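**Q**
There are 2 protein chains.
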Amino acid sequence: MNTRLPAGERREQILDVAVQVFARKGYHGASMNDVAEAAGVTKPVLYQHFDSKQDLYLALIEDVGQRMITAIAKATAGATSGKAMTELGFQAYFRWVAQDHDAFLLLFATQANRDAAATLAIKKITSEAASAIAPLIDVEIDHEKQRTLAHGLVGLAEGVSRRLVERGEDFDPDELGRLVANLAWAGLRAIGPDS
Amino acid sequence: MNTRLPAGERREQILDVAVQVFARKGYHGASMNDVAEAAGVTKPVLYQHFDSKQDLYLALIEDVGQRMITAIAKATAGATSGKAMTELGFQAYFRWVAQDHDAFLLLFATQANRDAAATLAIKKITSEAASAIAPLIDVEIDHEKQRTLAHGLVGLAEGVSRRLVERGEDFDPDELGRLVANLAWAGLRAIGPDS
DNA sequence: CATAACGGTTACCCAAGGGTAACCGGCGCC
DNA sequence: GGCGCCGGTTACCCTTGGGTAACCGTTATG
Numbered sequence: 001m002n003t004r005l006p007a008g009e010r011r012e013q014i015l016d017v018a019v020q021v022f023a024r025k026g027y028h029g030a031s032m033n034d035v036a037e038a039a040g041v042t043k044p045v046l047y048q049h050f051d052s053k054q055d056l057y058l059a060l061i062e063d064v065g066q067r068m069i070t071a072i073a074k075a076t077a078g079a080t081s082g083k084a085m086t087e088l089g090f091q092a093y094f095r096w097v098a099q100d101h102d103a104f105l106l107l108f109a110t111q112a113n114r115d116a117a118a119t120l121a122i123k124k125i126t127s128e129a130a131s132a133i134a135p136l137i138d139v140e141i142d143h144e145k146q147r148t149l150a151h152g153l154v155g156l157a158e159g160v161s162r163r164l165v166e167r168g169e170d171f172d173p174d175e176l177g178r179l180v181a182n183l184a185w186a187g188l189r190a191i192g193p194d195s
Numbered sequence: 001m002n003t004r005l006p007a008g009e010r011r012e013q014i015l016d017v018a019v020q021v022f023a024r025k026g027y028h029g030a031s032m033n034d035v036a037e038a039a040g041v042t043k044p045v046l047y048q049h050f051d052s053k054q055d056l057y058l059a060l061i062e063d064v065g066q067r068m069i070t071a072i073a074k075a076t077a078g079a080t081s082g083k084a085m086t087e088l089g090f091q092a093y094f095r096w097v098a099q100d101h102d103a104f105l106l107l108f109a110t111q112a113n114r115d116a117a118a119t120l121a122i123k124k125i126t127s128e129a130a131s132a133i134a135p136l137i138d139v140e141i142d143h144e145k146q147r148t149l150a151h152g153l154v155g156l157a158e159g160v161s162r163r164l165v166e167r168g169e170d171f172d173p174d175e176l177g178r179l180v181a182n183l184a185w186a187g188l189r190a191i192g193p194d195s
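Protein chains in written order, with full-length UniProt numbering: chain R, 1 to 195; chain H, 1 to 195.
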């Protein structure tokens, strides 16, 4: 017998629990009943807080995505050099991954964003991340290539994280961030208009 | 009235058409009816060639994945240096992406949703790719980190490609390969046991 | 102590879609 | 020229699951 919760808290709890459920089963793999059960309530309760399954899912993506973005933004705010910013950024990202595997899976490894809207929502997040990265690529190179490379670096971090999360390994985010930042920074310095 | 095809050819045609359908709509978004219609036949015909939807999907992944792997393997076979191999490899990869957007989307787009078996199948492909890359990271670094970075480079290529494919842009795979290979190679040279 | 508000439940509807049983028609082959 | 093989179709079954209508019990408040 779960306690009755006031609306606000119940909504938060549903969001909390839904991240895990969707991350583990994917969008289509998880039914609203699954989410409801995990939250300790029944289906109609979900619909009191969210208009539809898609609505719930989009709320999750927005929530989790913003959390990631702000974590990185905060970490890099005090950086004095591009290199330091790169390192701090990657470290913050890997810390975010290490802290909440489910959140990472929801955004990057989720087995079902077939929904056009969800795909768009995630694209918006990665695009925002890329926008933050792009200015660090200050070599002489045309703007389009710059943004493309920025998306590549997002993918780099994603690829690294995916392997670690899938293996369920413990890892040191700060050490890993240093390693990857080193790779990224040196790589970026090496490319130029002649590439 | 579509012509009647011998079993072998029909099977090939279904695979061809199914790549496009699944790439565009995702696993759950595409129904067997959609695939059948696109192939110009009806549903039961699909089930004469494949046991289930999942069976068809797995066959596709295997098919497309192997095509990608061998394309890269062939391109890098004659390389004389690590740097040349890196460049040739990335170029072959981007050529593969440019040639067949649908194949790329099937394997890498988040929009192509997967169940557990499909996730595993795809993991196998990326892992194989990473295995090919890992030896190029011949710096003094422990084996686990080496493989993790290899997965990162797979992600790097994936991130770059995703943006280009999503934008429907034309791009020069050879030029792009040179650019990304430069980044990767220089990045890898820069990291060491002290990172 | 009636009653309204609110959190929650039971029981259902209905469309979508994976999968199948039964049937059909033309072509090759003794 | 009947016969069987083979590629194909029509029409259906049945589960899953998103979404909802109607109802219930507790608490608070006058």
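Note that the Cβ used here is the ideal one computed from N, Cα and C, for glycine as well.
Just so you know, these numbers come straight off a predicted model, no measurement behind them.
On a Cα-Cα basis, can you pick out the residue from R:V154, R:R24 and R:V21 that is closest to I72 of chain R?
**A** The residue labelled residue 72 of chain R in the question sits at position 72 within the first sequence. Of R:V154, R:R24 and R:V21, the residue nearest in Cα terms is R:V154.
**Q** Does the beta carbon of I191 of chain H come closer than 7 Å to any beta carbon on chain R?
**A** Here residue 191 of chain H corresponds to residue number 191 of the second sequence, with the count starting at 1. Yes, because at least one Cβ of chain R sits closer than 7 Å to the Cβ of I191 of chain H.
**Q** Sort R:G40, R:A121 and R:M85 by Cα distance to R10 of chain R and report the nearest one.
**A** In the first sequence, residue 10 of chain R corresponds to position 10, counting from 1. If we check each option's Cα against that of R10 of chain R, R:G40 comes out closest.
**Q** By Cβ distance, which residues of its chain are closer than 7 Å to F104 of chain R, with the 5 residues on each side in sequence left out?
**A** In the first sequence, counting from the first residue as 1, residue 104 of chain R sits at position 104. Cβ neighbours of F104 of chain R beyond the five flanking positions: V97, S161 and V165.
**Q** Would you please verify whether the beta carbon of V154 of chain R is less than 7 Å from any beta carbon of chain H?
**A** Here residue 154 of chain R corresponds to residue number 154 of the first sequence, with the count starting at 1. Chain H, which has a Cβ nearer than 7 Å to the Cβ of V154 of chain R, makes this yes.
**Q** Of all Cβ atoms in chain R, is any one closer than 7 Å to the Cβ of E62 of chain H?
**A** Along the second sequence, read from residue 1 onward, the residue named residue 62 of chain H stands at position 62. No, its Cβ sits nowhere closer than 7 Å to a Cβ of chain R.
**Q** Taking 7 Å as the threshold (beta carbon to beta carbon), is H151 of chain H in contact with chain R?
**A** To locate residue 151 of chain H, count along the second sequence from 1; it is residue 151. True, the Cβ-Cβ gap to chain R drops below 7 Å.
**Q** What did DSSP end up calling I191 of chain H once you bin it into helix, strand or coil?
**A** Within the second sequence, residue 191 of chain H is the residue found at index 191, counting from 1. It is coil, neither helix nor strand.
**Q** Smallest Cα separation from I61 of chain H: which of H:T42, H:E37, H:T119 and H:D51?
**A** If you number the second sequence from 1, residue 61 of chain H lands on position 61. Residue H:T119 is the option with its Cα nearest to I61 of chain H.
**Q** Could you list the residues in the region 49-77 of chain H with a C-beta less than 8 Å from some C-beta on chain R, going in chain order?
**A** Within the region 49-77 of chain H, no residue has a Cβ that lies closer than 8 Å to any Cβ of chain R.
**Q** So, L183 of chain H versus G187 of chain R, is the Cβ gap smaller than 7 Å?
**A** Locating residue 183 of chain H in the second sequence gives position 183, counting from the first residue. Locating residue 187 of chain R in the first sequence gives position 187, counting from the first residue. Cβ distance < 7 Å, so L183 of chain H and G187 of chain R count as in contact.
**Q** Assign H28 of chain R to one of two classes, buried (16 or more other C-beta atoms within 10 Å of its C-beta) or exposed (fewer than that).
**A** In the first sequence, residue 28 of chain R corresponds to position 28, counting from 1. So H28 of chain R ends up on the buried side.
**Q** In chain order, what are the residue ranges of uninterrupted alpha helix (DSSP H) at least 4 long that sit wholly in the UniProt domain "HTH tetR-type" (8-68) of chain R?
**A** If we require 4 residues or more, the alpha helix (DSSP H) runs fully inside the UniProt domain "HTH tetR-type" (8-68) of chain R come out as 32-39 and 43-49.
**Q** Please report the Cβ distance between A181 of chain H and A150 of chain H, rounded to the nearest whole angstrom; I am assuming they are in contact, meaning their Cβ atoms lie under 8 Å.
**A** On the second sequence, position 181 is the one that residue 181 of chain H refers to. On the second sequence, position 150 is the one that residue 150 of chain H refers to. Not confirmed; about 14 Å, so no contact.
**Q** Taking 7 Å as the threshold (beta carbon to beta carbon), is V41 of chain R in contact with chain H?
**A** Working through the first sequence from its first residue, we reach residue 41 of chain R at position 41. Taking Cβ atoms only, chain H never reaches closer than 7 Å to V41 of chain R, which makes this a no.
**Q** Give the residues of chain H in contact with V180 of chain R, contact being defined as C-beta atoms less than 8 Å apart.
**A** In the first sequence, the residue the question calls residue 180 of chain R occupies position 180. Result: L149 and G152.
**Q** Determine the burial state of A152 of chain R: buried for a count of at least 16 other Cβ atoms within 10 Å of its Cβ, exposed for fewer.
**A** For this step, residue 152 of chain R is matched to residue 152 along the first sequence. One point to set straight first is that residue 152 of chain R is Gly, not Ala, in the sequence displayed. Buried is the call here.
**Q** Report the rounded CA-to-CA distance for D102 of chain H versus P6 of chain R, giving the unit in angstroms.
**A** Position 102 of the second sequence, counted from the first residue, corresponds to residue 102 of chain H. Position 6 of the first sequence, counted from the first residue, corresponds to residue 6 of chain R. Distance between the alpha carbons of D102 of chain H and P6 of chain R is about 47 Å.
**Q** Using the three-state DSSP reduction, which class does E175 of chain R fall into: helix, strand or coil?
**A** The residue given as residue 175 of chain R occupies position 175 in the first sequence. Three-state DSSP puts E175 of chain R in a helix.
**Q** Could you work out which residues of chain R lie near A129 of chain H, taking near to mean beta carbons separated by less than 8 Å?
**A** Mapped onto the second sequence, residue 129 of chain H falls at position 129. Within 8 Å Cβ-Cβ: nothing; A129 of chain H doesn't reach chain R, min ~10 Å.
**Q** Can you look up A103 of chain H in the DSSP assignment and give me helix, strand or coil?
**A** Here residue 103 of chain H refers to the residue found at position 103 when the second sequence is read from its first residue. A103 of chain H: helix per DSSP, three-state reduction.
**Q** Going by beta-carbon coordinates alone, are Q146 of chain H and A134 of chain H separated by less than 7 Å?
**A** Locating residue 146 of chain H in the second sequence gives position 146, counting from the first residue. Locating residue 134 of chain H in the second sequence gives position 134, counting from the first residue. Taking 7 Å as the Cβ cut-off, Q146 of chain H and A134 of chain H qualify as a contacting pair.
**Q** Quick one: what does DSSP say G168 of chain R is sitting in, helix, strand or coil?
**A** Against the first sequence, residue 168 of chain R aligns to sequence position 168. Reduced to three states, the DSSP call for G168 of chain R is coil.
**Q** Of all the CB atoms in chain H, is at least one closer than 7 Å to the CB of L183 of chain R?
**A** Your numbering for residue 183 of chain R matches position 183 in the first sequence. Taking Cβ atoms only, chain H reaches closer than 7 Å to L183 of chain R, which makes this a yes.
**Q** Using a Cβ-Cβ distance under 7 Å, would E140 of chain R count as near chain H?
**A** Locating residue 140 of chain R in the first sequence gives position 140, where the first residue counts as 1. False, the Cβ-Cβ gap to chain H never drops below 7 Å.
**Q** Looking at Q99 of chain H: is its Cβ nearer than 7 Å to the Cβ of G177 of chain H?
**A** Taking the first residue of the second sequence as 1, we reach residue 99 of chain H at position 99. Taking the first residue of the second sequence as 1, we reach residue 177 of chain H at position 177. For Q99 of chain H and G177 of chain H, no; Cβs fall outside 7 Å.
**Q** Using a Cβ-Cβ cut-off of 7 Å, state whether A186 of chain H counts as contacting chain R.
**A** Within the second sequence, numbered from 1, the residue matching residue 186 of chain H stands at position 186. Closer than 7 Å: yes.
**Q** I need the DSSP call for A181 of chain H, collapsed to helix, strand or coil.
**A** Reading the second sequence from its first residue, position 181 is the one you call residue 181 of chain H. Helix.
**Q** Measure the C-alpha to C-alpha separation of A77 of chain H and Q66 of chain R and round it to an integer number of angstroms.
**A** The sequence position of residue 77 of chain H within the second sequence is 77, counting from 1. The sequence position of residue 66 of chain R within the first sequence is 66, counting from 1. About 44 Å.
**Q** Please work out which residues of its chain come closer than 6 Å, Cβ to Cβ, to I125 of chain H, disregarding the five sequence neighbours upstream and downstream, and give them in chain order.
**A** For the purposes of this step, residue 125 of chain H is taken as residue 125 along the second sequence, with counting starting at 1. So the list reads G65, once near-sequence residues are dropped.
**Q** Apart from the five residues just before and just after N33 of chain R, which ones in its own chain have a Cβ nearer than 8 Å to its Cβ?
**A** Stepping through the first sequence from its first residue, residue 33 of chain R is reached at position 33. Counting only Cβ-Cβ distances below 8 Å, and skipping sequence neighbours, we find K43.
**Q** What residues from chain H crowd round L106 of chain R, counting only those whose CB sits closer than 7 Å?
**A** Position 106 of the first sequence, counted from the first residue, corresponds to residue 106 of chain R. What L106 of chain R touches in chain H: nothing, since even the nearest Cβ is about 11 Å away.
**Q** Is DSSP giving E87 of chain H helix, strand or coil here?
**A** In the second sequence, residue 87 of chain H corresponds to position 87, counting from 1. In this structure, E87 of chain H counts as helix in the three-state DSSP scheme.
**Q** Between which two residues does the alpha helix (DSSP H) harbouring E140 of chain H extend?
**A** Stepping through the second sequence from its first residue, residue 140 of chain H is reached at position 140. Counting along the chain, E140 of chain H falls outside any alpha helix (DSSP H), and DSSP gives it neither H nor E.
**Q** Is it buried or exposed, R4 of chain H, if we count other Cβ atoms within 10 angstroms and call 16 or more buried?
**A** Your numbering for residue 4 of chain H matches position 4 in the second sequence. Classification for R4 of chain H: exposed.
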